[in-house]
Amino acid sequence: MQPNYFFSSLARISDLNEKPFALEALPRDKWSSGDYVAAEVEQIGGEGLVELTCGRMARIAPNDWIVGALGKRSATLEAVGDWRAVGSDLRFDLLTSAAVLGRCTGKSALVPPLTSLIYRGHVVRDGRPCRMADFVPAKPEQMPRVPIVLIVGTSMSSGKTMTARVVVRLLRTRGLKVGGIKFTGIGRYRDILTMRDAGAQFVCDFVDAGLPSTSCPREDFEPSIDYLLARTAAAGVDVIVAEAGASPLEPYNGDLAVEHVRGQTACTILCASDPYAVVGVMKSFDLKPDLVAGRATSTTAAVDLVEQLCNIKALNVLDRTAWPELERILAEGLDR
């Protein structure tokens, strides 16, 4: 019987949903991060959803087959897992809705059980395993220097993507062509689609550079920074809104991304989970942002506390009355 395949958003850079492929069970010593594999859903966990190549969320059922990629997740608030932790039973957990596949090694008590799957084989063509890196276009030769509005966080779920959406919208109202980049994190298409919905004319993330997540060796991650910058600059944008997911201090290589683009950064926005986290990141990372936003600015009391602790402007960017001041800060940075 022909399997009912769901091609996850990690496969969006490939042509696997358009052209034939075969499956081959490979020995564990032949597995690598970024390999495309097929796995059969065994038991549904959580909401039972997978993110497709178009970004739509689809509901899955037992016995459906998902094409995802081997990867690692190191989330501080949700789940932790790695393909290297898969045992002899060859069972996976769906580490993200984008189908980063590995075995869960720990999770928050607030997170429901993850969807479990059984390995059915590596995706192969002409006898060779298909890997994410196989589908990455060549890096453009020219890389114009484009100013960056850099958005970093103190943790996951601190308001980075929401802030990026507002910043993109305001820059578009100035008549600028905006590009959006997510340098770090775990593969999930919806974050950069949010920037595109806000008006970004070109968006990309580390998946476009062939990585399922940036919880990986630094030497594997670093080339992706210039690659994403080159791809975005080649689209003819005037400014880049870039997000370094989670916090720069977590094991997603955010510190490397922030340092790499420091000389190109026109404005830095720190999205914080609480006012005291702002102090922690500033001291630990030697980072002085132009603005604090995110969950730490949800109320006027929180805004006051941030400004008292850090002597840095804080804005609740969800409040439209704050937008003129945000526009002023952005313009000041870009016009320097």
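FYI, the numbering used here numbers position 185 of the sequence shown as 171, with every residue one higher than the one before it.
We put the beta carbon where it would ideally sit given N, CA and C, even for glycine.
- Cβ contact annotation for Ile(-1) (same chain, cutoff 8 Å, sequence separation greater than five): Met118, Phe121, Val122, Val193, Asp194, Gly196, in chain order.
- Scanning its chain for C-beta atoms nearer than 6 Å, with the 5 sequence neighbours on each side dropped, one finds around Ala300 the residues Val278, Thr283, Val289, Val292, Glu293, in chain order.
- The C-alpha of Ala243 is placed about 19 Å away from the C-alpha of Gly319.
- If only complete runs of 3 or more residues are kept, the segment 132 to 210 shows the beta strand (DSSP E) at 134 to 139, 164 to 170, 188 to 191, in order along the chain.
- Excluding sequence positions up to five before and after Ser143, its CB lies within less than 8 Å of the CB of Leu63, Ser259, Arg281, all in the same chain and listed in chain order.
- Rounded to whole angstroms, Glu311 and Thr159 show a C-alpha spacing of 15 Å.
- From the listed residues Phe7, Ala84, Leu100, the smallest Cα separation to Cys90 is found for Leu100.
- Below 8 Å, enough C-beta pairs join the segment 176 to 189 and the segment 146 to 153 to call them touching: three or more.
- Between the beta-carbon of Gly88 and that of Ala71 there is about 6 Å, and that keeps the pair under the 8 Å contact cut.
- Per DSSP, Phe271 lies in no beta strand (DSSP E); the unbroken alpha helix (DSSP H) holding it starts and ends at 261 to 271.
- The segment 48 to 56 and the segment -8 to 8 touch, with three or more beta-carbon pairs separated by less than 8 Å.
- By the C-beta criterion, the segment 202 to 209 is judged not to be in contact with the segment 248 to 263, since fewer than 3 inter-stretch pairs fall below 8 Å.
- Contact annotation: Thr82 and Gly166 have beta-carbon atoms that are not nearer than 8 Å.
- Looking at Gly266, Gly73, Trp309, Ala263, the one whose alpha-carbon comes closest to that of Arg14 is Gly73.
- Taking one beta carbon from each stretch, the segment 208 to 223 and the segment 264 to 272 have fewer than 3 pairs nearer than 8 Å; the two do not touch.
- Note on geometry: alpha-carbon atoms of Arg59 and Asn239 lie some 13 Å from one another.
- Boundaries of the beta strand (DSSP E) harbouring Arg59: 58 to 60, taken from the DSSP string.
- Within a 10 Å sphere around the beta-carbon of Ala287 sit fewer than 16 other beta-carbons, which makes this residue exposed.
- Separation of Gln29 and Cys116 (C-alpha to C-alpha, rounded to the nearest whole angstrom) is 26 Å.
- Nearest Cα to Leu136 within the set Asp183, Leu215, Ser102: Leu215.
- The criterion of a C-beta distance shorter than 8 Å is not satisfied by Ala47 and Ile104.
- Per DSSP, Gly240 is one residue of the alpha helix (DSSP H) stretching across 240 to 246.
- The shortest C-alpha to C-alpha distance from Asp191 to any of Gly185, Asp212, Ala184 is the one to Asp212.
- Excluding sequence positions up to five before and after Arg155, its CB lies within less than 7 Å of the CB of Ala184, Gly185, all in the same chain and listed in chain order.
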